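From first to last, the protein sequence lines stand for chains A and B.
Read in order, the letters of the first sequence correspond to residues 13 to 415 in our numbering.
Read in order, the letters of the second sequence correspond to residues 325 to 745 in our numbering.
Where a beta carbon is used, it is the ideal one built from N, C-alpha and C, also for glycine.
Quick caveat, the model's predicted, so the values are computed rather than measured.
As structure tokens, the structure follows; a few thoughts come after it.
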Amino acid sequence: MAEKALAGVKVVAFIQGITGPITTSTLAAYGAEVVRIETQTRLEWHRQAGPFIGNISQPDRATPYLFVNAGQMGVTLNLKKPRAMDVMRRIIRWADVVVENFSGATMKSMGLGYEDLRQIRPDIIMLSAAIFGQTGPMAEVRGYGGTLTALTGMAGVTGFADQLPQFPGFAITDFIAPRGNVLAIVSALDYRRRTGKGQYIDAAQAESAFPLLTPVVLQYQANGVEAERMGNRSTCAAPHGVYKCKGTDRWCTITVFNDQQWRGFCQAIGSPDWCRSERFATLLGRLHSIDELDRLVEEWTMQRTPEEVMDLLQAAGVPAGVVQGGQDLDGDPHLRHRQFYWKLEDHEFGAFTYMGMPAKLSRTPYEMRRAPRLGEHNEQFYIGVLGMSDEEFVSYMAEGVFE
Amino acid sequence: MTQGTQGNTMLGGYRVLDLTSDRGYYCGQLLGNLGADVIKIEPPGGDPGRNTEPFFQDQAHPEKSLFWMAFNTNKRGITLNLETEDGRRLFRRLAEKADVLVESFDPGYMEAIGLGYAELEKLNPRLVFTSITPFGQTGPRRDFKSSDLVAWGMGGLLFQTGDPDRPPTHLSHIPLAYLLAGMDGASATAIALYWRGTSGLGQQVDVSMQETVAKTTMMLHEVWLVTGTEFRRSSSWYHVPASPVVLRLVWPAKDGYIFYMMYVGAFGAEEDKRLVQWMEEEGIADDFIRGIDWANLDWREKTKEYGDRIQDYLFRLFKDKTKAELLDHALKRNILIQPISTPKDILTHPQFVAREYWQEVKHEELGITMKYPARFCMASETPLRIWRRAPLIGEHNEEVYCGELGLSRGDLVALKQAGII
């Protein structure tokens with residue numbers, strides 16, 4: 013088996029929801045050894061949320077949990093027990109990286125702030141991914157993906173002008189922040205290897221999303237204009253939109269950026285008379301008559317399935333694609349060819365299909381492993397990895413430290 | 325122009341050659357933000373991405389694209405025509421000493437001009453060669469044409485965005501799929517660099533924008549596999565499961581919109597009581613709203629009209645206040661309201677002003693100073709900053725070609741006239 017890029021990197025995760033888990037499961041997919049600390053005494057929401065595998069409500073079958081927690085070791089530890097902190101210190105001594113995404117002061121209040129951790133392990137790298145960060149008047153304010161999508165300005169520029177602002181995807185910032193987190197953690201590891209120094213990374217989720225909005229932030233400052241929602245239209249391409257196709261809620265995107273693509277488009281749709289009309293001959297003409305153009309394009313797409321539209325237009329060199337839902341993604345021959353989905357068995361709870369990683373490394377391929385059951389790796393981790401004796405393990409267990 | 329020195333950085337000492345178009349700008353920028361020495365290589369006359377709106381004072385000029393400026397800070401810029409023999413030779417000399425190459429051409433283009441990974445690997449086995457393309461380097465659709473909107477659709481994000489009775493929709497003005505693919509490219513590049521530190525070997529990194537987008541959707545594929553039902557898009561309203569009640573997420577304020585989602589039951593009762601207290605102070609409360617047992621309210625037992633009736637109180641509470649006033653109340657009263665920010669709101673949000681998130685960057689050529697995001701994370705040992713604004717066309721040609729590769733100014737003049745730089 014090929015080597016893993018992050019082999020030997022040890023990560024401890026105090027995480028919940030989506031952002032923290034995607035961060036650490038990504039590190040795990042590229043080979044880091046990630047141990048996720050949970051407690052049976054307080055299950056996180058995603059362990060209790062459906063849909064469940066086999067429609068049986070059970071923490072190890074909760075698919076929102078499985079969805080974001082692939083490849084990690086699952087270990088339980090009840091920090092309310094007096095001797096749990098002894099175990100915690102051993103875990104921190106073992107770790108290279110600690111990742112947490114509780115709000116503001118939670119870790120500090122548990123005695124697990126960065127200053128505490130570096131007493132135990134001076135070169136530790138710690139990343140905190142709170143919504144608003146660790147400082148400032150809102151450091152301890154709660155929040156979630158919807159709040160942040162609103163705050164970052166993403167919702168404000170999503171949708172049609174005559175619609176309320178729309179929320180792209182679902183809690184989209186939860187899926188953006190992990191990308192910055194992984195970049196920061198791996199770069200900090202690289203820095204530590206060169207200098208021997210660890211550090212603390214205050215990765216406010218909002219601050220990893222704001223840079224995406226920079227063009228409209230600059231536009232406001234330079235021109236005094238605030239960007240407006242323009243649906244699916246473009247200021248430099250026509251047609252450019254999402255068009256209704258045959259079937260229920262089936263759509264296809266079509267984007268035509270230049271004359272060559274326009275000619276390809278006209279040929280692909282059988283060169284109807286309107287394509288030869290003078291007002292569509294030029295980009296400016298098409299932009300100025302966009303309402304009529306969109307109507308004519310949709311008349312054509314509505315006679316066809318989105319797959320037909322995509323294949324006909326792509327054959328003519330026109331960027332076009334199916335608006336894929338869950339079933340479409342499942343049948344996508346391209347994603348299958350690239351082995352993007354990983355169907356992994358849990359012999360007791362049944363199979364779940366995990367998404368792979370969007371970046372393939374030629375010499376160190378990533379590998380998906382299933383998400384852990386609650387406390388699944390207690391023995392393996394505490395005895396096998398941390399080196400506890402059997403007696404110690406049993407005595408901690410008897411005290412409820414591993415609840 | 326320099327905006328101060330870099331000091332200690334995470335990726336200081338690495339050299340990145342950035343051949344990307346707008347599909348990949350953000351990748352090199354992120355590596356630059358972490359201190360890598362990023363050289364943006366543009367075709368003579370400038371990168372096509374310089375022709376992207378918005379423009380400074382609406383002047384459509386390649387040195388005035390705010391889009392270009394946004395995603396090319398912390399890079400130096402040189403021009404080079406890779407389709408000439410001189411250009412390729414100069415490029416190979418740069419690649420010999422580089423740590424990373426990032427490109428976003430259609431699959432096969434780099435091979436076609438003799439600069440594919442197999443060629444460059446022979447020259448520099450330590451090189452990390454990162455490609456960002458719509459569908460990746462392999463598979464039956466690798467040559468499909470794409471755009472940001474097409475990638476949103478093929479990856480599933482469009483399906484989850486919009487109102488059910490309108491077409492799916494996306495972000496205007498911001499090519500989100502391109503930018504997120506840049507983030508994935510940057511993190512995968514850092515991972516490959518880390519492994520190089522262990523193994524001494526570079527490798528090829530293949531980012532698929534379609535997969536980037538799929539990795540940004542919430543359980544679209546998974547819910548279909550597990551339940552056989554499709555996600556129902558409804559992105560400014562929340563349909564409470566097993567209940568006719570529909571919760572409003574987007575509320576009109578005096579000067580725009582805010583985001584608020586009402587929670588009831590054990591999880592929401594305390595906040596609901598704080599809302600009622602606020603209504604008292606505003607003279608909106610009456611016996612109906614005072615009489616609600618929030619802790620035991622279960623939407624599953626209620627009609628849509630009942631849900632609407634309760635929400636009407638909130639509607640009246642919010643509608644005549646500005647976003648800033650509502651945020652102020654939210655902080656004081658511990659209620660999870662956030663403005664649906666416009667660019668102005670982002671710049672003035674008190675939390676991020678307090679965290680000194682916005683950094684002023686001077687554009688002498690334009691006679692303006694603008695605030696940029698200073699970082700994507702705050703690192704205690706190796707702070708991120710903007711060290712330099714986006715480069716002008718060929719701004720660092722002399723620095724790189726003469727200073728590093730030892731060409732004379734006369735050589736540069738010859739190369740310029742021949743359309744090579």
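For residue i, go through chain B and note every residue whose CB falls closer than 7 angstroms to its CB, in chain order.
i         : result
A/Tyr-42  : Ile-515
A/Met-242 : Ser-496
A/Arg-205 : Gly-521
Looking at the C-beta of residue i, does it have a partner C-beta in chain B at a distance below 9 angstroms?
i         : result
A/Arg-3   : This structure does not reach residue 3 of chain A, given that chain A is present from 13 up to 415, and the question cannot be answered.
A/Asn-113 : no
A/Pro-177 : yes
A/Ala-293 : no
A/Cys-248 : yes
A/Met-367 : yes
A/Gln-131 : no
A/Ile-136 : no
A/Val-309 : no
A/Phe-26  : no
A/Gly-329 : yes
A/Gly-148 : yes
Determine, for residue i, whether the minimum Cβ-Cβ distance to residues of chain A falls below 9 angstroms.
i         : result
B/Met-585 : yes
B/His-563 : no
B/Met-325 : Confidence at B/Met-325 is low in this model, with a pLDDT of 34, below 50, so the placement of that residue should be treated as unreliable; the coordinate-derived value is given next. So no, B/Met-325 is outside the interface.
B/Trp-623 : no
B/Met-434 : no
B/Ser-523 : yes
B/Lys-364 : no
B/Ile-717 : no
B/Gly-328 : Any reading at B/Gly-328 must be qualified, since the residue scores a pLDDT of 43, below 50, and its modelled position is unreliable; no value is offered.
B/Gly-730 : no
B/Ala-593 : no
B/Gln-635 : no
B/Ala-394 : yes
B/Val-340 : no
B/Ser-511 : yes
B/Thr-666 : yes
B/Ser-532 : yes
B/Gln-741 : no
Give me the chain A residues within the contact set of residue i, using Cβ-Cβ distance strictly less than 8 angstroms, ordered along the chain.
i         : result
B/Val-443 : Per the sequence shown, the amino acid found at residue 443 of chain B is Glu instead of Val. Simply none; closest approach about 15 angstroms.
B/Val-569 : The premise fails here: B/Val-569 is roughly 17 angstroms from chain A at the closest Cβ pair, so nothing lies under 8 angstroms.
Listing by chain order, which chain B residues have their CB less than 9 angstroms from the CB of residue i?
i         : result
A/Phe-414 : None at all; the shortest Cβ gap to chain B is about 28 angstroms.
A/Gly-259 : Within 9 angstroms Cβ-Cβ: nothing; A/Gly-259 doesn't reach chain B, min ~12 angstroms.
A/Lys-22  : Chain B residues near A/Lys-22: none, gap ~14 angstroms exceeds 9 angstroms.
Note down, in chain order, every chain B residue with its Cβ under 8 angstroms from the Cβ of residue i.
i         : result
A/His-349 : Thr-462, Gly-463 and Pro-464
A/Ser-199 : Met-334, Leu-335, Leu-358 and Ala-514
Tell me residue i's beta-bridge partners as DSSP assigns them.
i         : result
A/Cys-278 : According to DSSP, which records beta bridges pairwise, A/Cys-278 is partnered with nothing at all.
B/Gln-683 : B/Tyr-696
A/Gly-333 : A/Thr-265
A/Met-85  : A/Val-47
B/Ile-365 : B/Ile-402
List, in chain order, every chain A residue whose beta-carbon is nearer than 7 angstroms to that of residue i.
i         : result
B/Glu-705 : Lys-209 and Gln-211
In chain A, which residues lie with their C-beta within 9 angstroms of the C-beta of residue i?
i         : result
B/Ile-692 : Gln-233 and Ala-234
B/Thr-457 : In chain order: nothing, as chain A lies at least about 11 angstroms away.
(message) Closer than 8 angstroms between beta carbons: that is the criterion. Which residues of the segment 380-391 of chain B meet it against chain A?
(response) Cβ contacts with chain A: Phe-380, Gln-381, Asp-382, Leu-390 and Phe-391.
(request) Please determine if the segment 126-137 of chain A and the segment 205-214 of chain A are in contact, where contact requires at least 3 C-beta pairs separated by less than 8 angstroms. (result) Three or more Cβ pairs closer than 8 angstroms define a contact, and the segment 126-137 of chain A meets that threshold against the segment 205-214 of chain A.
(request) Determine, using beta-carbon pairs with one atom in the segment 695-712 of chain B and one in the segment 225-244 of chain A, whether at least three such pairs fall under 8 angstroms. (result) These segments touch.
(message) Does the structure place the segment 377-394 of chain A close enough to the segment 76-88 of chain A that three or more beta carbon pairs sit under 8 angstroms?
(response) By the Cβ test, the segment 76-88 of chain A is in contact with the segment 377-394 of chain A, since at least three Cβ pairs between them sit closer than 8 angstroms.
(message) Pairs of beta-carbons, one from the segment 268-280 of chain A and one from the segment 334-345 of chain A, closer than 8 angstroms: are there three or more?
(response) No: fewer than three Cβ pairs fall under 8 angstroms.
(message) Closer than 9 angstroms between beta carbons: that is the criterion. Which residues of the segment 334-346 of chain A meet it against chain B?
(response) Against chain B - using a Cβ distance shorter than 9 angstroms - the residues of the segment 334-346 of chain A are Val-334, Val-335, Gln-336, Gly-337, Gly-338, Gln-339, Asp-340, Leu-341, Asp-342, Asp-344, Pro-345 and His-346.
(request) Taking only beta carbons into account, state which residues of the segment 371-382 of chain A come closer than 7 angstroms to chain B, listed in chain order. (result) Hits within the stretch, in order: Ala-371, Lys-372, Leu-373, Ser-374, Arg-375 and Thr-376.
(request) May I ask you to list, following chain order, the residues of the segment 462-490 of chain B that have a beta carbon less than 7 angstroms from some beta carbon of chain A? (result) Result list: Thr-462, Gly-463, Pro-464, Arg-465, Phe-468, Lys-469, Ser-470, Ser-471, Leu-473, Val-474, Gly-477, Met-478, Gly-480, Leu-481, Leu-482, Phe-483, Gln-484, Thr-485, Gly-486, Asp-487 and Arg-490.
(message) Taking beta-carbon pairs under 7 angstroms, can you tell me which members of the segment 41-67 of chain A lie near chain B?
(response) Residues passing the 7 angstroms Cβ filter: Tyr-42, Pro-63 and Ile-65.
(message) Using a Cβ-Cβ cutoff of 8 angstroms, what residues of the segment 668-686 of chain B are near chain A? List them in chain order.
(response) Those residues of the segment 668-686 of chain B that come within reach of chain A (Cβ to Cβ, closer than 8 angstroms) are Lys-668, Asp-669, Ile-670, Leu-671, His-673, Pro-674, Gln-675, Phe-676, Ala-678, Arg-679 and Tyr-681.
(message) So, does the segment 575-593 of chain B touch the segment 650-663 of chain B, judging by three or more C-beta pairs under 8 angstroms?
(response) Contact between the segment 575-593 of chain B and the segment 650-663 of chain B is present: 3 or more CB-CB pairs across the two stretches fall below 8 angstroms.
(message) Quick test of the definition: if touching needs 3 or more C-beta pairs under 8 angstroms, does the segment 304-313 of chain A touch the segment 255-272 of chain A?
(response) With a cut-off of 8 angstroms, the segment 255-272 of chain A and the segment 304-313 of chain A count as touching, because enough Cβ pairs lie within range.
(message) Does the segment 139-158 of chain A come into contact with the segment 664-681 of chain B, if we say contact requires no fewer than three beta-carbon pairs (one atom in each stretch) closer than 8 angstroms?
(response) The segment 139-158 of chain A makes contact with the segment 664-681 of chain B, as at least three CB pairs between them are under 8 angstroms.
(request) Taking a Cβ distance cut-off of 8 angstroms, strictly less, list which residues of the segment 538-561 of chain B are near chain A, in chain order. (result) Cβ proximity to chain A below 8 angstroms picks out Ala-538, Lys-539, Thr-540, Thr-541, Met-542, Met-543, Leu-544, His-545, Glu-546, Val-547, Trp-548, Leu-549, Val-550, Thr-551, Glu-554, Phe-555, Ser-559 and Ser-560 from the segment 538-561 of chain B.
(message) For the segment 197-207 of chain A against the segment 261-269 of chain A, do three or more pairs of beta-carbon atoms, one drawn from each stretch, fall closer than 8 angstroms, so that the two count as touching?
(response) With a cut-off of 8 angstroms, the segment 261-269 of chain A and the segment 197-207 of chain A do not count as touching, because too few Cβ pairs lie within range.
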